[in-house]
Amino acid sequence: MSIRFTTKAHRGMVALTVAAGLALGVAACGGGGDDDKKPQASASAPTNGGSDLSAQEGQADEPLAELKGSDGLLLQITSAQRDSGGFITVNGNLKNDGAKSISVPSALSGNETEIIRNGRSLGGATLVDSKSKKRYYVLRDTDGRPLTTTGFSSLKAGESLAVFMQFPSPPTDTAEVTFQLPTFAAAAIQISG
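Per the numbering used here, residue 43 is the first one in the sequence shown, and the count goes up by one each step.
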């Protein structure tokens with residue numbers, strides 16, 4: 043056999059192996075046919091830069107907590123839902139309770155370089171589990187973007203913005219955590235789910 047024939051055969055085997063691997067990958071990602079199952083919650087950040095969560099699931103009529111911030115900002119936490127994926131989603135409304143338009147403080151993004159690089163967000167939020175003596179920070183996607191509402195800079199007087207933040211889940215026996223956000227008062231919230 044010539045070297046030329048061996049090289050062509052080797053290329054053919056590599057191409058066949060790659061094609062078989064791709065076929066298996068597509069089959070594995072095909073999803074099957076279990077339409078009866080509930081859809082899994084997604085941990086990806088919104089691609090449009092903001093939050094489109096107008097009808098947030100699991101929200102209570104009465105907020106879990108109201109936190110007052112600087113310049114008339116008010117954060118109402120409406121739910122803290124434990125998801126099966128190993129994280130907690132905190133939903134709420136950020137409202138300008140003041141009489142004039144304000145610029146949302148950049149301190150809400152926190153002070154981590156990776157989060158600040160991705161623009162304004164609620165990336166500075168944390169959950170504190172005093173029972174386990176642990177602090178949980180906002181999750182990030184593979185590009186370092188915080189899994190929270192992003193892309194806002196100002197709020198007009200009386201304007202409200204639906205917000206969310208995702209955190210790693212504390213142990214299942216932890217039912218209460220303290221929510222903290224820079225420039226806001228801290229508050230204890232109950233975890234559901």
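Note that beta-carbon positions come from the ideal geometry of N, C-alpha and C, so glycine has one too.
**Prompt:** What are the boundary residues of the alpha helix (DSSP H) that includes Ile119?
**Reply:** Counting along the chain, Ile119 falls outside any alpha helix (DSSP H), though it belongs to the beta strand (DSSP E) covering 115-124.
**Request:** Give the secondary structure of Ala230 by DSSP, where H, G and I count as helix, E and B as strand, and everything else as coil.
**Result:** strand
**Request:** With Glu156 as the anchor, note down where its alpha helix (DSSP H) starts and where it stops.
**Result:** 155-158
**Message:** Pop quiz: Ala167 and Leu223 are said to be a contact at Cβ under 8 Å. What is the actual Cβ separation, rounded to whole angstroms?
**Reply:** 5 Å
**Message:** So, with DSSP's three-state summary, where would you put Leu169?
**Reply:** strand
**Request:** Determine the burial state of Pro213: buried for a count of at least 16 other Cβ atoms within 10 Å of its Cβ, exposed for fewer.
**Result:** exposed
**Asked** Of the choices Ala230, Asn153, Arg159, Tyr178, whose alpha-carbon is the least far from that of Gly128?
**Response** Tyr178
**Item:** Secondary structure of Leu189, DSSP reduced to three states
**Value:** coil
**Prompt:** From which residue to which residue does the beta strand (DSSP E) around Thr225 run?
**Reply:** Taken as a continuous stretch (DSSP letters only), Thr225 belongs to no beta strand (DSSP E), as it is neither H nor E.
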